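Heads up, the thing below is written out as C-alpha cells.
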Amino acid sequence: MVAPLLRTDAPLGQVAWGAGVGMFIALLPIVGQLYVLPTVWAACRYLLGRAFHLPVAYGMVLLINPPLKILTFYLYLVSGAALLTLLGDPGMQGGFAEFKSVLFGESGDWLANSLRAAGVALRHFGLPIVVGGILWALAGGALAYGLVRVGVGRWRRGAAALSTGASVPAREDSPARPE
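Structural data, given as C-alpha cells:
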C-alpha cells in the first residue's frame, strides 16, 4: 500500500485527495464501496473539476475494509448512539437489551432467533450506525488526507535531495522564547 503512494508521479494534491476520499468511502457504512468509488471519482473530476488519484483511493478502500469491518461497525454503533442520545433521540434506549433477549430468547430455534434479532438490529441500530459511520468517515478521510500530504511530501523532498546529491536541509527550530 505504501509503495504506490511513494512511487506515483501524480501531483501531491491528487495523491492526498485520493487517500482522503478512499478512506472516507472505506469508512462509510455502505455496500459496494469499490463500485461507488468510480462514480465519486467521475463526479469529482467532471462536476467539481478536482480529480483524485483513483488507484490510491482503491488502495485505501481495500486496506481498510476486510480486517476492520466488525470493529468499525461497532464504533459506528457506539458513537452514533451517543450522538443521537446527546441530541435527545429517546428511541435508542433499550435497543441492545432487546436485541440480546431476542437472540438468546426462550425458544431453542437458533435460526429463528437470529432472524428476529436481525430485524431488531436493523430497527434499533440502523440510524446510529449511519450517523456514526458518517462521523468516522469524515474524520478518517481528513486524517488520511493530512497524513498522506505531509508524509508523501516529506518523502518526495528527501528522495529528490538524495537523487541530486544535495543534503536534506535541517528543519529550523523557532527561536527560544525569552524567559
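For the sequence shown, position 112 matches number 112 in the working numbering, and the numbering has no gaps at all.
C-beta: ideal position from N, C-alpha, C; glycine also.
None of these values were measured; they are calculated from a predicted model.
Spatial neighbours of residue i in its chain, beta-carbon cut-off 7 Å, leaving aside the 5 residues before and after
i	result
I64	M23, A26, L27
Y145	A16, W17, A19, G20
Q14	A51, F52, H53
T164	none
Closest by C-alpha distance to residue i, when choosing among the options
i	options	result
Q33	G13, D9, A51, M60	M60
P38	L12, P55, G49	P55
L62	A43, Y35, G105, L86	Y35
Three-state secondary structure (DSSP) of residue i
i	result
T85	helix
R116	helix
P30	Here residue 30 is Ile; the residue named in the question, Pro, does not match the sequence. I30 falls in the coil class under three-state DSSP.
T164	helix
T8	coil
F104	coil
R149	helix
R50	coil
W17	helix
Test item: CB-CB of residue i and residue j under 8 Å
i	j	result
W136	Y74	no
G80	V130	yes
L127	L84	yes
P29	G133	yes
R157	L12	no
Neighbourhood of residue i by C-beta, 6 Å cutoff - its chain only, sequence neighbours within 5 removed
i	result
V21	F52, A57
E172	Caution applies to E172, whose pLDDT of 46 falls short of 50 and renders its modelled position unreliable; the value that the coordinates give is listed next. For E172, where only same-chain residues beyond five positions count, there are no Cβ hits under 6 Å.
R45	A51
A159	none
W41	L54
V78	none
Residue burial classification, residue i (beta-carbon count within 10 angstroms, cutoff 16)
i	result
A10	buried
V152	buried
T72	buried
W155	exposed
Any non-hydrogen atom of the ligand ADP closer than 7 Å to residue i Cβ
i	result
V102	Among the ligands in the structure shown, none appear at all, so the ligand ADP cannot be discussed.
Beta-carbon contacts of residue i that lie in its chain and below 8 Å, excluding the five residues immediately before and after
i	result
T8	V15, H53, P55, V56
E106	none
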